[in-house]
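Q:
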Amino acid sequence: MEFPIDRFRELQTPFYYYDTALLGQTLQTAQSLLMPDWHIHYAVKACTNPGVMHRIAEAGLGADCVSGGEIRAALAAGFPSESIVFAGVGKSDWEIELALGSDIFCFNVESIPELEVIQEIAQRMGRTARVAFRINPNVGAHTHENITTGRAENKFGIAMEDMVGVVRLARTMANVECIGLHFHIGSQILDMEDFATLSLRINELQEVLASYGFSFPHVNVGGGLGIDYEHPDLSPIPNFKDYFDTFKRYLRLHKGQQLHFELGRSLVGQCGTLVTKVLYVKQGNARQFVITDAGMTDLIRPALYDAQHKIENLMRQSPLATYDVVGPICESSDVFARDYRMAETRRGDLLALRSSGAYGEIMASQYNCRPLPKGYLTEQL
Ligand SMILES: *Cc1c(COP(=O)(O)O)cnc(C)c1O
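Positions 0 to 380 (numbering that gives the first Met the number 0) are the ones given, in order, by the sequence shown.
Below is the structure:
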């Protein structure tokens, strides 16, 4: 990736930089591989930078929201309400009202109590809620434990074996229209076998439901496609081809069924970079520390998920040295990398923490009374 380093020098660090050209190419690649009747809803929670969201809306994708705030952000960014799906295990009454009032495309319903509340609110508002059932397919994705969502023991979704009863119940509700089945097994998944397994589970479930006379016009397989954090320059665009081909090959849709995807990380991860300035290079007893002005408040993924982001010194390339790269926050987990080989670094150097476009800026906090980092797209510099 080429960085406009001269402009970077003039900006207050740390900040997020989004490469608009790469974002555009990524969106275009994903869109170009879709079959007719396939749709991508951008998982807004990955990055709600308004410029980034606006670009994605402009490219014609829908939105996948997990809160009322995200629905508002999606509408403000220009996503049409009829392209919005709304998931989440704990939807508040006001969020359901907002979604019904905005006439979004579909609620992804995660439990019977939720379904009952949606019916009640829809009736009071004189609306019909379109719903898809989020099913927990009990597929263990090969990814970090904190980001698998499709196993039996976590809080998401409805168990496969409860589905027939849930559909029967939903059909008795006057203000609920059942339009689909929804799945999402986790995030940062690079093993296509997981998506193949998911597809086979969906086939099984669709067969069971069909034997009871139940079929729905929409199937939503969620998101979760991973990106290459180690080699952002070798694979700047994720392997959408293998991902979509897996569903083409394994998923058996009924006639006329539309297929929906909810991609987050894979669309925005590689275009984003956290740019930080080196405050100090400190010689410890056994280790050398590079202390940056960005910390876990700006990028929490290393502390939260043991994530490894590639770190580049934007000022120099050699000779190499070994550092622990750490932030200024008063927490021992505020570490970006340990024993990391990078160019010999000096105070004032700018570092790039690569592949930070997803679950970066939006997860920033003000812990330690720190200001939130700003985000800039290429054309905003
Ligand atoms: C987070 C989430 C996604 C997006 O996941 P990615 O790994 O970023 O693609 C999709 N669907 C649901 C329901 C989610 O919670």
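Just so you know, even glycine gets a beta-carbon here, dropped at the ideal spot from N, CA and C.
According to DSSP, what are the bridge partners of Tyr41?
A: Residue 41 sits at position 42 when you count from the first residue of the sequence shown. BP columns for Tyr41 point to Ala62, Leu262.
Q: What residues are listed by DSSP as bridge partners for Thr291?
A: Position 292 of the sequence shown, counted from the start, is the residue given in the question as residue 291. Answer by DSSP bridge pairing, in chain order: Val277.
Q: Closer than 7 Å to a non-hydrogen atom of ligand 2 - does that hold for the CB of Ala45?
A: Only ligand 1 can be found as ligands here, which leaves ligand 2 out of the picture.
Q: On the DSSP bridge list, what partners appear for Met341?
A: What you label residue 341 is simply residue 342 of the sequence shown in a count that begins at 1. Beta-bridge pairing links Met341 to Ala320.
Q: Can you grab the Cα-Cα spacing for the pair Phe243 / Pro231, in whole Å?
A: Translated into the one-based positions of the sequence shown, residue 243 becomes position 244. Translated into the one-based positions of the sequence shown, residue 231 becomes position 232. Answer to the nearest angstrom: the Cα atoms are 21 Å apart.
Q: Who are Lys373's beta bridge partners in DSSP?
A: Numbered from 1 along the sequence shown, position 374 holds the residue referred to as residue 373. Partner(s): Phe14.
Q: Taking 7 Å as the line, does the beta carbon of Arg264 fall inside it for any heavy atom of ligand 1?
A: Within the sequence shown, numbered from 1, the residue matching residue 264 stands at position 265. Correct: Arg264 has its Cβ closer than 7 Å to ligand 1.
Q: For Asp292 and Gly326, I'd like the C-alpha separation in whole angstroms.
A: The residue you call residue 292 lines up with position 293 of the sequence shown. The residue you call residue 326 lines up with position 327 of the sequence shown. Approximately 6 Å, taken between the alpha carbons.
Q: Could you name the residues of the same chain whose beta carbon sits closer than 7 Å to that of Thr28, not counting the 5 residues immediately before and after it, in chain order?
A: Locating residue 28 in the sequence shown gives position 29, where the first residue counts as 1. If we look at Thr28 and ignore the five residues flanking it on each side, its Cβ neighbours are Ile236, Phe239.
Q: DSSP has Val325 in a bridge; who is on the other side?
A: Position 326 of the sequence shown holds residue 325. Bridge partners of Val325: Ile290, Val334.
Q: Going straight from the alpha carbon of Glu229 to that of Phe14, what length do you get?
A: Stepping through the sequence shown from its first residue, residue 229 is reached at position 230. Stepping through the sequence shown from its first residue, residue 14 is reached at position 15. The straight-line gap from Cα to Cα measures roughly 21 Å.
Q: Going by other Cβ atoms of all chains shown within 10 Å of its Cβ, with 16 needed for buried, is Thr296 buried or exposed?
A: Against the sequence shown, residue 296 aligns to sequence position 297. It is buried - the Cβ of Thr296 has at least 16 other Cβ atoms within 10 Å.
Q: Do Leu133 and Val116 have their CB atoms nearer than 8 Å?
A: One-based indexing of the sequence shown puts residue 133 at position 134. One-based indexing of the sequence shown puts residue 116 at position 117. It is Arg, not Leu, that sits at residue 133 in the sequence shown. In this structure, Val116 does not lie closer than 8 Å to Arg133 by Cβ.
Q: Across the segment 165-175 and the segment 193-203, are there enough close Cβ pairs to call them in contact, namely three or more that are closer than 8 Å?
A: Touching, no.
Q: Please list, in chain order, all residues of the same chain as Glu378 whose beta carbon is under 8 Å from its beta carbon, the five residues on each side excluded.
A: Taking the first residue of the sequence shown as 1, we reach residue 378 at position 379. Excluding positions up to five away in sequence, the list reads Thr19.
Q: Between Val274 and the rest of its own chain, which residues show a CB-CB distance below 7 Å, the 5 nearest in sequence each way excluded?
A: Along the sequence shown, read from residue 1 onward, the residue named residue 274 stands at position 275. Hits under 7 Å: Phe7, Thr12, Pro13, Phe14, Tyr16, Leu349, Ala351.
Q: Can you give me the C-alpha to C-alpha distance between Leu252 and Pro35, rounded to a whole angstrom?
A: The residue you call residue 252 lines up with position 253 of the sequence shown. The residue you call residue 35 lines up with position 36 of the sequence shown. Looking at the two C-alpha atoms, the distance is approximately 13 Å.
Q: Tell me which same chain residues have a C-beta within less than 6 Å of the C-beta of Pro318, skipping the five on either side of it?
A: Working through the sequence shown from its first residue, we reach residue 318 at position 319. Around Pro318: Glu343.
Q: Is Ala306 near ligand 1, judged by its Cβ being under 7 Å from some heavy atom?
A: As a first step, residue 306 must be located in the sequence shown, where it is residue number 307. Result no, Cβ not under 7 Å from ligand 1.
Q: I'd like to check one pair, Leu99 with Arg71: are the Cβ atoms closer than 8 Å?
A: Taking the first residue of the sequence shown as position 1, residue 71 is located at position 72. Taking the first residue of the sequence shown as position 1, residue 99 is located at position 100. Cβ distance not < 8 Å, so Arg71 and Leu99 don't count as in contact.
Q: The beta strand (DSSP E) with Ile83 in it runs from where to where?
A: In the sequence shown, the residue the question calls residue 83 occupies position 84. Note, Ile83: beta strand (DSSP E), 83-85.
Q: Assuming Phe7 is part of the alpha helix (DSSP H), what are its boundary residues?
A: Here residue 7 is taken as the residue at index 8 of the sequence shown, counted from 1. 4-9 is the span of the alpha helix (DSSP H), which, as asked, contains Phe7.
Q: Since His53 is in the alpha helix (DSSP H), which residue starts that stretch and which ends it?
A: Counting from one through the sequence shown, the residue named residue 53 turns up at place 54. Segment 49-57, the alpha helix (DSSP H) holding His53.
Q: Is Leu224 near ligand 1, with its Cβ less than 7 Å from a heavy atom?
A: On the sequence shown, residue 224 is found 225 positions in, with the first residue counted as 1. Checking the Cβ of Leu224 against ligand 1 gives yes.
Q: Quick check: the segment 67-84 against the segment 278-288, are there 3 or more CB pairs under 8 Å?
A: These segments do not touch.
Q: I need the DSSP call for Thr224, collapsed to helix, strand or coil.
A: The count along the sequence shown starts at 1 and reaches residue 224 at position 225. Looking at the sequence shown, residue 224 is not Thr but Leu. Strand at Leu224.
Q: Can His181 and Ala121 be called in contact, C-beta distance under 8 Å?
A: Numbered from its first residue, the sequence shown carries residue 181 at position 182. Numbered from its first residue, the sequence shown carries residue 121 at position 122. No. Outside cutoff.
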